[in-house]
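Participant: Numbering (the working numbering), first residue to last: 40 to 292. Even for Gly, the Cβ is constructed at its ideal location relative to N, Cα and C. In this text the structure is predicted, and so the values were computed from the model without any measurement. This is the structure, below, for whatever I ask next.
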């Protein structure tokens with residue numbers, strides 16, 4: 040019972056922050072599962088399934104706000120889902136140390152890039168909304184999809200920054216796309232693929248899912264109410280903390 044209470048509060052905090060920043064729930068949730076005794080592969084599969092609830096919780100608020108462009112929605116699904124499945128099939132063969140250190144370095148770089156670009160994502164100015172732009176955008180999302188399928192810690196943050204950099208979205212808009220499409224569809228595809236290959240800690244999932252649903256909704260509410268500056272600061276904090284967390288996990292294996 041104590042373990043379940045701890046998991047609920049960890050899940051609630053992690054997913055609230057993740058819903059604000061556009062990713063990074065694995066910063067707290069995945070290490071907590073490992074700390075409580077699950078092997079890395081089982082913890083990863085369990086967390087991936089629970090993370091779908093983050094997208095569901097956030098979508099309740101974000102879908103009401105609307106403003107989605109169907110061509111972007113299409114490339115985020117068709118362009119990226121094959122990468123998600125590919126990554127989920129290969130993750131169990133990659134040494135965890137190598138994977139975590141590499142992803143940690145990239146994740147910290149995202150936060151630093153946002154910090155040195157103070158105006159990035161604060162004002163929406165859509166660009167590359169044409170065939171060439173969609174194709175390049177789809178390639179970028181496919182590569183990020185591989186990371187999403189293989190390593191769940193912080194890869195939504197990559198999607199958020201790619202949508203801001205390539206398509207000119209604001210932070211709030213990019214987070215909305217990330218949480219709804221990545222949270223539900225990308226993570227759903229990765230969860231199914233991993234669950235077919237690895238054991239899942241099913242008795243812990245109800246608590247994790249409840250924390251994810253509530254956290255996703257609360258974070259989405261704050262993001263829409265407070266605007267881009269709060270979301271940008273949360274994004275920068277979560278990327279740097281996610282990277283440090285991945286380093287710590289890698290060197291403690």
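1. Using 8 Å for Cβ pairs, my map puts residue 61 next to residue 224. What's the rounded Cβ distance?
2. To the nearest angstrom, report how far apart residue 55 and residue 259 are at their CA atoms.
3. Secondary structure at residue 166, three-state DSSP: helix, strand or coil?
4. Report the rounded CA-to-CA distance for residue 45 versus residue 70, giving the unit in angstroms.
5. Is the CB-CB distance between residue 146 and residue 196 below 8 Å?
6. Three-state secondary structure (DSSP) at residue 68?
7. Can you tell me which of the three DSSP states residue 76 falls into?
8. Indicate the three-state DSSP secondary structure (helix, strand or coil) for residue 135 in the structure shown.
9. So what's residue 239 in DSSP terms, helix, strand or just coil?
10. Ignore the nearest five residues each way along the sequence and tell me which others in residue 227's own chain have a CB closer than 7 Å to its CB.
11. Taking the alpha-carbon positions, what's the residue 98 to residue 290 distance?
12. Out of 136, 169 and 73, state which residue places its alpha-carbon closest to the alpha-carbon of residue 114.
13. Could you pull the start and end residues of the alpha helix (DSSP H) that residue 287 belongs to?
14. Please classify residue 243: is it buried, with 16 or more other beta-carbons within 10 angstroms of its beta-carbon, or exposed?
15. Ordered along the chain, which non-local residues of its own chain (more than five positions away) have a Cβ less than 7 Å from that of residue 26?
16. Would you mind reading off the limits of the alpha helix (DSSP H) that contains residue 53?
Facilitator: On the basis of the supplied data:
1. That pair is no contact at about 15 Å.
2. Distance between the alpha carbons of residue 55 and residue 259 is about 8 Å.
3. Here DSSP, grouped into helix, strand and coil, assigns residue 166 to coil.
4. One C-alpha to the other measures close to 12 Å.
5. In terms of Cβ geometry, residue 146 and residue 196 form a close pair [threshold 8 Å].
6. In the three-state DSSP reduction, residue 68 falls in the helix class (H, G or I).
7. Three-state result, residue 76: coil.
8. Residue 135: helix per DSSP, three-state reduction.
9. Residue state, collapsed to three classes: coil.
10. A distance below 7 Å between beta-carbons, with the five flanking residues on each side excluded, links residue 227 to the following residues of its chain, in chain order: 91.
11. Taking the straight line from one Cα to the other gives about 36 Å.
12. With distances taken between Cα atoms, residue 114 lies closest to 169.
13. Per DSSP, the continuous alpha helix (DSSP H) segment holding residue 287 begins and ends at 267-290.
14. So residue 243 ends up on the buried side.
15. For the chain, the structure presents residues 40 to 292; residue 26 sits outside this window and is missing.
16. Residue 53 -> alpha helix (DSSP H) spans 41-60.
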